[in-house]
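A.B. asks: Under the numbering used here, the residues of the sequence shown are numbered 662 to 850, in order.
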Amino acid sequence: METHFAVSILNEGPNGSVYTDSAGKNFAFRSYRACIINDTIIPIELAINFAADSVALLPKSDRYLRVFLLPDTMTPDKLYDFEANNGFVSEGLKSFLNTGLTKATILKTTIKPKENYYVNIGTLFYPSGGLTGAGLFINGRGHTIPFVPTQATKTDAKNKTEQGLIFGIGIDPPHNYSLIPCGQIVFKK
Numbered sequence: 662m663e664t665h666f667a668v669s670i671l672n673e674g675p676n677g678s679v680y681t682d683s684a685g686k687n688f689a690f691r692s693y694r695a696c697i698i699n700d701t702i703i704p705i706e707l708a709i710n711f712a713a714d715s716v717a718l719l720p721k722s723d724r725y726l727r728v729f730l731l732p733d734t735m736t737p738d739k740l741y742d743f744e745a746n747n748g749f750v751s752e753g754l755k756s757f758l759n760t761g762l763t764k765a766t767i768l769k770t771t772i773k774p775k776e777n778y779y780v781n782i783g784t785l786f787y788p789s790g791g792l793t794g795a796g797l798f799i800n801g802r803g804h805t806i807p808f809v810p811t812q813a814t815k816t817d818a819k820n821k822t823e824q825g826l827i828f829g830i831g832i833d834p835p836h837n838y839s840l841i842p843c844g845q846i847v848f849k850k
């Protein structure tokens, strides 16, 4: 029997540091890596879109979060400069954060059967501080992300060719979180 639901996501991270913008304001920068595994016999289309706007964390609305896709060139080994600046963000990442966050970040790609695809996701939040847990997950399947409520948004069970994606993030203290709809996986026929 053919199944379309043999897609899984493995999350890594967070890795993080402090980012200081040109005005001298400190933000917490965290990076996460998600591996989307297509264990089906058909290709899947992956679409991820993070808006340029900041998101208020729940339940406290005076703490904001910016979520974005990192460029493919910003692999985990290029995000931090441990030798030159005590583990703060690298000059390449600092340049991207200074200029690259003015518009939505979008990814559209096809993942072939039995292949994996890696997505690098970055977050900035202010005020900085707190432990974070985050990850990408398929809507309706639940998650194991620390500090994020375990409920997931309901999916349309009638549509078996599309699955929505959610990026969940939690920050503790003080138990702030957000569930951000950010894309979909479409099973190609």
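Cβ atoms here follow ideal geometry from the backbone N, Cα and C, with glycine treated the same way.
1. Going by the beta-carbon positions, is the gap between R727 and N837 smaller than 8 angstroms?
2. Near G790, what residues of its chain come up, given a Cβ to Cβ distance below 8 angstroms and the 5 sequence neighbours on each side ignored?
3. Using only the alpha-carbon positions, how far apart do Y787 and N699 sit?
4. Taking the continuous alpha helix (DSSP H) assigned at F757, which residues delimit it?
5. Buried or exposed: which applies to I702, given that a residue is buried once 16 or more other Cβ atoms fall within 10 Å of its Cβ?
6. Report buried or exposed for S751, applying the criterion of at least 16 other Cβ atoms within 10 angstroms of its Cβ.
7. Evaluate G685 with the Cβ neighbour count: other Cβ atoms within 10 Å of its Cβ, from every protein chain shown; 16 or more gives buried, anything less gives exposed.
8. At which residue ranges does the stretch 685-728 contain complete alpha helix (DSSP H) runs of 4 or more residues, listed in the order of the chain?
9. Quick check on DSSP: helix, strand or coil for D682?
10. Alpha carbon to alpha carbon, what distance is there between S692 and E673?
11. Measuring alpha carbon to alpha carbon, tell me which residue in T811, N676, L730 and N687 is nearest T763.
12. Does DSSP put K769 in a helix, in a strand, or in coil?
13. When burial is assigned at 16 or more other CB atoms within 10 Å of the CB, is Q824 buried or exposed?
C.D. replies: Reading from the atomic positions:
1. For the purposes of this step, residue 727 is taken as residue 66 along the sequence shown, with counting starting at 1. For the purposes of this step, residue 837 is taken as residue 176 along the sequence shown, with counting starting at 1. Going by C-beta atoms, R727 is not nearer than 8 angstroms to N837.
2. Taking the first residue of the sequence shown as position 1, residue 790 is located at position 129. Cβ within range, chain order: A689.
3. Looking up residue 787 in the sequence shown gives position 126. Looking up residue 699 in the sequence shown gives position 38. Answer to the nearest angstrom: the Cα atoms are 35 angstroms apart.
4. As a first step, residue 757 must be located in the sequence shown, where it is residue number 96. Its alpha helix (DSSP H) spans residues E752 to T760.
5. Counted from its first residue, the sequence shown places residue 702 at position 41. Answer is exposed; the Cβ neighbour count stays below 16.
6. Against the sequence shown, residue 751 aligns to sequence position 90. Per the 10 Å Cβ criterion, buried.
7. For the purposes of this step, residue 685 is identified with residue 24 of the sequence shown, where counting begins at 1. Exposed: under 16 other Cβ atoms inside 10 Å.
8. none
9. The sequence position of residue 682 within the sequence shown is 21, counting from 1. Coil at D682, not helix or strand.
10. Mapped onto the sequence shown, residue 673 falls at position 12. Mapped onto the sequence shown, residue 692 falls at position 31. C-alpha separation (whole angstroms): 9 angstroms.
11. In the sequence shown, counting from the first residue as 1, residue 763 sits at position 102. Among T811, N676, L730 and N687, the Cα nearest to that of T763 is on L730.
12. Translated into positions along the sequence shown, residue 769 becomes position 108. The answer is strand: DSSP assigns K769 an E or B state.
13. As a first step, residue 824 must be located in the sequence shown, where it is residue number 163. Q824 is buried by the Cβ-count criterion.
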